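First up is the structure itself, then whatever we jot down about it.
There are 2 protein chains.
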Amino acid sequence: MIYFNNGDELLLVLEALSNPQRLKIIAVLSEGRQYVSHLARELGISRPLLYLHLQKLEEANLVSSDMEILETGQAAKYYQLNDIHFVLNEQLIHDLSKSLSIKRKK
Amino acid sequence: MIYFNNGDELLLVLEALSNPQRLKIIAVLSEGRQYVSHLARELGISRPLLYLHLQKLEEANLVSSDMEILETGQAAKYYQLNDIHFVLNEQLIHDLSKSLSIKRKK
DNA sequence: TACATGTGTTATAAAATACTTACATATGAT
DNA sequence: ATCATATGTAAGTATTTTATAACACATGTA
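Residue numbers (the UniProt record's numbering), protein chains in the order written: chain R, 1 to 106; chain V, 1 to 106.
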């Protein structure tokens with residue numbers, strides 16, 4: 001169960017989830033851990049793009065990764081889902097909005 | 001309780017929620033309905049910008065609006081929160097991802 | 001009449017996000 | 001050696017989102 005410490009954390013998760021490719025990534029990973037190149041093929045997107053999306057998911061703590069050696073002897077970076085489960089309602093948004101910052105990113 | 005008919009609907013809601021200004025708007029409206037100009041002052045943002053955000057929230061069915069005549073005799077557009085409450089987890093994302101489209105917007 | 005307060009829109013600029021192309025490195029198999 | 005597969009990243013482009021500025025019109029009040 002995801003617990004949000006503040007509004008910025010909530011926003012980070014919502015931003016990570018507000019993209020169709022990233023939802024697809026989560027859907028695939030919900031069937032089991034997978035390594036980057038395989039994921040890219042399965043989703044039909046380029047590896048650099050996949051990296052970008054995985055990075056956002058990782059920053060929001062929705063996925064995590066481990067390096068592993070494949071049977072072939074090659075290194076592979078495996079991604080897996082963290083526990084994604086939370087309730088969202090107006091009360092929560094109201095409470096967390098006090099610790100939500102409105103800022104430029106760069 | 002929000003029920004998602006398909007992945008695109010889920011995404012629409014997540015996109016609407018993935019912006020700090022819009023979360024603030026929801027937070028303010030959770031304390032009661034309010035009209036646009038008042039909202040803009042309270043949030044410290046311009047009316048055209050507020051319109052943009054309200055439009056996204058309305059498209060996602062998170063808020064709705066009514067025209068009303070103020071005591072002064074002027075027309076005012078009141079916005080109010082719809083019921084915002086849902087659970088999100090990997091199972092739901094997995095199921096809805098099948099009806100989620102990856103597309104350009106314009 | 002001029003001012004303050006509403007709604008509503010268009011055009012434009014700025015910032016952030018998404019995506020592509022090209023490259024570098026490493027391992028094992030043919 | 002060359003091919004196929006893996007990671008990783010830099011740089012440039014395209015698209016989308018966010019924000020601003022400038023209008024239009026209407027009502028009530030000083």
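Just so you know, even glycine gets a beta-carbon here, dropped at the ideal spot from N, CA and C.
Here the structure is a predicted model, which is why all the values come from computation and not from measurement.
Buried or exposed (CB count within 10 angstroms, at least 16 for buried), residue i
i: R/His85; result: exposed
i: V/Glu68; result: exposed
i: R/Leu70; result: exposed
i: V/Ala60; result: buried
i: V/Gly7; result: buried
i: R/Ala75; result: exposed
i: V/Tyr79; result: buried
i: R/Ile26; result: buried
i: V/Ile102; result: exposed
i: residue 133 of chain V; result: Here chain V has residues from 1 to 106 only, and residue 133 of chain V is not among them.
i: R/Ser18; result: buried
i: V/Lys24; result: buried
i: R/Arg22; result: buried
i: R/Leu49; result: exposed
Straight-line Cα distance separating residue j from residue i
i: R/Gly73; j: R/Glu58; result: 26 angstroms
i: R/Leu62; j: R/Val13; result: 8 angstroms
i: R/Lys98; j: R/Asn89; result: 15 angstroms
i: V/Leu96; j: R/Ile2; result: 20 angstroms
i: V/Val40; j: V/Lys56; result: Inspection of the sequence shows that residue 40 of chain V is occupied by Ala rather than by Val. About 16 angstroms.
i: V/Ile45; j: V/Ala16; result: 18 angstroms
i: R/Arg33; j: V/Gln91; result: 15 angstroms
i: residue 148 of chain R; j: V/Ser37; result: Examination of residue 148 of chain R is not possible in this model, given that chain R is present from 1 through 106 alone.
i: V/Pro20; j: R/Leu11; result: 7 angstroms
i: R/Lys77; j: V/Leu54; result: 41 angstroms
i: V/Val28; j: V/Asn82; result: 13 angstroms
i: V/Tyr51; j: R/Ser64; result: 38 angstroms
i: R/Ile93; j: R/Asp66; result: 33 angstroms
i: V/Phe4; j: R/Asn5; result: 27 angstroms
i: V/Tyr35; j: V/Leu43; result: 12 angstroms
Extent of the continuous beta strand (DSSP E) run through residue i
i: R/Leu81; result: Ala75 to Leu81
i: residue 116 of chain R; result: The structure shown does not extend to residue 116 of chain R, since chain R is modelled only from 1 to 106, so the question has no answer here.
i: V/Leu88; result: His85 to Asn89
First and last residue of the uninterrupted alpha helix (DSSP H) at residue i
i: V/Leu29; result: Pro20 to Leu29
i: R/Leu10; result: Gly7 to Leu17
i: R/Lys56; result: Arg47 to Glu59
i: V/Leu43; result: Val36 to Leu43
(Q) Beta carbons nearer than 9 angstroms to chain V: which residues of the region 66-83 of chain R have them? (A) Leu81 and Asp83
Q) At a Cβ cut of 7 angstroms, what residues of the region 14-46 of chain V count as close to chain R, listed as they run along the chain? A) Leu14, Glu15, Leu17, Ser18, Pro20, Gln21, Leu23, Lys24, Ile26, Ala27 and Ser30
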